[in-house]
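**Student:** Handing you a structure now.
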Amino acid sequence: METTTEKDNILRGGQFLVRETACEDVFTPEDFSEEQKMMRDTVRDFIDREVWPNKERFEKKDYAFTEEIMRKAGELGLLSVAVPEEYGGMGMDFVSTMLVCDYISGATGSIATAFGAHTGIGTMPILLYGTEEQKKKYVPRLATGEWFGCYCLTEPGAGSDANSGKTKAVLSEDGKHYLISGQKMWISNAGFCDLMIVFARIEDDKYITGFIVEYDPENGITLGEEEHKLGIRASSTRQVFFNETKVPVENMLSERGNGFKIAMNALNIGRIKLAAACLDAQRRVISNSVKYANERVQFKTPIAQFGAIKAKLAEMAATAYAGESACYRAAKNIEDRIAIRKSEGNSHQEAELKGVEEYAIECSILKVAASEDVQNCTDEGIQIFGGMGFSEDTPMEAAWRDARISRIYEGTNEINRMLTVGMLVKKAMKGHVDLLTPAQNVADELMGIPSFDTPDYSDLFSEEKEMIGKLKKVFLMVAGSAVQKYGPQLEEHQQLLMAAADILIEIYMAESVILRTEKLAKKEGEDKAAAQIAMARLYLYKAVDIINLKGKEGIVSFAEGDEQRMMLMGLKRFTKYTNIPNVVALRNTIADKLIADNEYKF
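All residue numbers for the sequence shown refer to the working numbering, where the first residue is 131 and numbers rise by one.
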């Protein structure tokens with residue numbers, strides 16, 4: 131059982147902004163246990179054996195092959211990692227479930243989507259909200275891959291506004307069934323599912339209700355044709371039509387009107403798992419790009435030796451490395467919070483729900499950052515391959531197409547950006563995160579005289595950690611003033627929220643990569659971690675630029691006169707390096723390591 135002191139050391143969601151974190155207190159990929167490494171290698175070997183050599187079949191929309199791979203994953207137990215042992219699962223910890231999601235998703239978005247839809251939104255709602263009878267009846271079948279699940283929420287008129295769905299559930303005259311009628315769209319796994327989580331509205335309820343629906347075409351369920359999509363081509367995606375589909379009343383999921391809550395909490399888990407699903411795709415794209423750049427000779431020189439290519443490889447690697455750092459940091463925070471909840475007597479359901487919900491801000495941050503980084507990574511991969519990158523004969527164009535959906539599902543990145551700031555403000559109002567005191571301290575600092583002393587930066591990352599502290603002041607300055615000015619109406623100023631969210635995202639990602647690398651350097655020595663140190667510094671340098679740009683955008687959008695001038699001066703002060711890093715040298719250090727290893731090997 132955790133002691134009170136240990137509990138206090140675990141940051142609550144959003145507290146990274148106002149509390150300093152020691153590198154020893156973050157979990158990193160270098161901390162994987164032997165069991166976790168074995169699981170990682172098992173998943174990677176499975177994908178390299180069964181999926182990577184058959185990429186062409188996915189691009190040719192071989193839906194049956196996707197189902198076949200999913201069944202094989204079920205036989206290996208990979209569909210059951212997040213399911214407790216009492217329901218036929220492996221009952222693995224949260225970090226391990228992230229690890230499986232990470233490495234199973236890198237070769238093709240079609241498998242990533244099928245796996246995520248089944249193990250996440252297809253199974254977790256029953257596990258987290260179902261009755262004991264529902265869990266015993268359905269979860270073991272889903273855990274083994276005997277049955278596959280899908281999640282029917284989106285409708286033609288209800289996308290980001292999920293609660294506006296028109297699908298109806300009407301109680302039968304004998305009170306034994308609900309009759310569901312309506313249309314759902316973009317339903318992943320619909321073509322081979324056995325079980326559907328369906329959301330519908332009862333009478334004129336304010337909120338939708340969740341139902342567990344067994345797929346039976348004789349029970350008023352009709353599937354549309356497979357959608358023709360830009361990417362994830364062998365992921366089955368269809369419309370689903372319900373015409374007075376009979377669902378036993380005991381198949382209501384949770385309580386009446388609780389569907390919106392189920393949907394939102396399922397998305398919290400989905401978001402961090404989606405971020406993990408973007409990681410191995412980046413590793414594979416980088417490794418393929420390095421191999422090609424080492425082999426491709428122009429002007430009698432491998433193109434890997436050209437500075438323009440080195441810059442691309444280094445930037446791709448730095449964002450992938452930062453993504454790993456932040457994803458596993460948050461995953462362990464969630465795991466620890468779940469453990470605390472269980473030690474206090476919470477059920478598995480309640481512990482997992484509340485554990486993930488605590489870090490909903492971080493889940494949204496990671497979803498946005500990883501999905502945009504994988505898109506940029508694949509785009510640069512195409513560029514490194516040149517004309518061949520545009521050809522279906524190389525894996526780059528498919529990777530680029532598959533990456534594109536990540537910015538849309540599990541809540542668009544625009545929605546997630548606004549959620550990060552909105553949730554943080556709500557936490558502050560509830561007293562869960564004290565933003566008021568540090569925001570006032572920043573306001574007081576702006577009125578004071580800055581120190582002109584030159585600090586001692588002899589310790590590794592001492593200046594970088596000071597810089598992260600200053601970047602947090604930028605957010606507190608901008609967001610604090612915006613909340614003061616607009617109050618509850620802040621949510622109406624979406625462009626300002628988006629700018630503030632970008633600042634928040636870069637702070638979390640940059641801090642995560644600095645802390646991971648500091649921990650590594652203390653263990654392995656700075657010489658062995660030279661490339662990782664360069665990646666951390668490069669990421670921070672880019673983050674400072676983004677925060678400077680977004681901070682300025684936010685300030686000039688709502689402040690005027692003396693207030694604006696003072697805040698812009700503060701922004702300049704808080705984004706100023708004492709020693710600006712040599713960006714070209716950092717990129718060369720990273721690229722040279724990649725080129726020597728002929729792959730992404732961090």
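Idealized CB from N, CA, C, for every residue including glycine. Computed from a predicted structure; not experimentally measured.
Given residue 464, which residues of its chain have a CB within under 7 Å of its CB, disregarding the five upstream and five downstream residues?
**Tutor:** 224, 485, 486, 489
**Student:** Under 9 Å, do residue 188 and residue 364 count as touching if we go by C-beta distance?
**Tutor:** yes
**Student:** Please classify residue 250 as buried or exposed, where buried requires at least 16 other C-beta atoms within 10 Å of its C-beta.
**Tutor:** buried
**Student:** Tell me the rounded alpha-carbon separation between residue 536 and residue 445.
**Tutor:** 20 Å
**Student:** Just the C-alpha distance for residue 318 and residue 609, rounded to the nearest angstrom, thanks.
**Tutor:** 37 Å
**Student:** Between the Cα of residue 155 and those of 399, 320, 462, spot the shortest distance and give me the residue it belongs to.
**Tutor:** Per the Cα distances, 462.
**Student:** Who are the near neighbours of residue 642 in its chain, counting only those whose CB is closer than 6 Å to its CB and skipping five residues on each side?
**Tutor:** Correct list, in chain order: 455, 456, 459.
**Student:** Quick one: give me the first and last residue of the beta strand (DSSP E) that residue 168 is part of.
**Tutor:** Run containing residue 168: none in the beta strand (DSSP E); it sits in the alpha helix (DSSP H), 164-176.
**Student:** Is the segment 374-381 close to the segment 468-477, with three or more CB pairs under 8 Å?
**Tutor:** no
**Student:** DSSP on residue 318, reduced to helix/strand/coil?
**Tutor:** Of the three classes helix, strand and coil, the one that applies to residue 318 here is strand, per DSSP.
**Student:** Check residue 272 in the structure and name its three-state DSSP category.
**Tutor:** In the structure shown, residue 272 sits in a helix (DSSP, three-state: H, G or I).
**Student:** Helix, strand or coil: how does DSSP classify residue 358 here?
**Tutor:** coil
**Student:** Take the Cβ of residue 427 as the centre, count every other Cβ of all protein chains shown within 10 Å, and call the residue buried at 16 or more, exposed below.
**Tutor:** exposed
**Student:** Counting only runs that start and end within the segment 531-580, where is the alpha helix (DSSP H) found for 4 or more residues in a row?
**Tutor:** 543-560, 566-577
**Student:** From residue 133 to residue 282, what distance separates their C-alpha atoms?
**Tutor:** At residue 133 the pLDDT is 41, less than 50, meaning the model places this residue with poor confidence; the figure from the coordinates comes in the next sentence. Their Cα atoms are separated by approximately 42 Å.
**Student:** Can you tell me whether DSSP reads residue 381 as helix, strand or coil?
**Tutor:** In this structure, residue 381 counts as helix in the three-state DSSP scheme.
**Student:** What do you reckon, are the CB atoms on residue 148 and residue 230 nearer than 9 Å?
**Tutor:** no
**Student:** Helix or strand or just coil, what does DSSP make of residue 227?
**Tutor:** helix
**Student:** Which whole runs of the alpha helix (DSSP H) in the segment 581-637 are 4 residues long or more, in chain order?
**Tutor:** 592-616
**Student:** To the nearest angstrom, how far is it from the Cα of residue 644 to the Cα of residue 186?
**Tutor:** 39 Å
**Student:** Per the DSSP calculation, residue 326 is bridged to which residue(s)?
**Tutor:** 280, 343
**Student:** Is it true that the segment 669-685 meets the segment 595-610, where meeting means three or more beta-carbon pairs spaced less than 8 Å apart?
**Tutor:** With three or more CB-CB distances shorter than 8 Å, the segment 669-685 counts as touching the segment 595-610.
**Student:** Using 8 Å as the cut-off, can you tell me whether the segment 194-204 makes contact with the segment 257-268, which would need three or more C-beta pairs spanning the two stretches below that distance?
**Tutor:** With the cut-off at 8 Å, the segment 194-204 and the segment 257-268 do not touch.
**Student:** Restricting to Cα atoms, I'd like to know which of 292, 362, 356 is closest to residue 392.
**Tutor:** 292
**Student:** Which whole runs of the beta strand (DSSP E) in the segment 362-415 are 3 residues long or more, in chain order?
**Tutor:** If we require 3 residues or more, the beta strand (DSSP E) runs fully inside the segment 362-415 come out as 367-378.
**Student:** Pull up the CB-CB distance for residue 416 and residue 450, whole angstroms please, since I reckon it's below 8 Å.
**Tutor:** 6 Å
**Student:** What is the rounded straight-line gap between the Cα of residue 580 and the Cα of residue 667?
**Tutor:** 25 Å
**Student:** Would a C-beta distance cut-off of 9 Å place residue 372 and residue 328 closer than the cut-off?
**Tutor:** yes
**Student:** Determine whether the beta carbon atoms of residue 639 and residue 671 lie at a separation below 9 Å.
**Tutor:** no
**Student:** Any contact between the segment 700-718 and the segment 395-410? By contact I mean 3 or more CB pairs, one from each, below 8 Å.
**Tutor:** no
**Student:** Between which two residues does the beta strand (DSSP E) holding residue 670 run?
**Tutor:** Counted as a single uninterrupted DSSP element, the stretch harbouring residue 670 is not any beta strand (DSSP E) but the alpha helix (DSSP H) occupying residues 660-688.
**Student:** Tell me where the beta strand (DSSP E) around residue 497 begins and ends.
**Tutor:** Premise fails: residue 497 lies in the alpha helix (DSSP H), 490-515, not in any beta strand (DSSP E).
**Student:** Hey, residue 226 and residue 145: beta-carbon distance below 9 Å or not?
**Tutor:** no
**Student:** According to DSSP, is residue 255 helix, strand or coil?
**Tutor:** helix
**Student:** How far does the beta strand (DSSP E) with residue 298 in it extend, from its first residue to its last?
**Tutor:** In the DSSP assignment, residue 298 falls within the unbroken beta strand (DSSP E) covering 298-301.
**Student:** For residue 206, which of helix, strand or coil comes out of DSSP?
**Tutor:** Coil at residue 206, not helix or strand.
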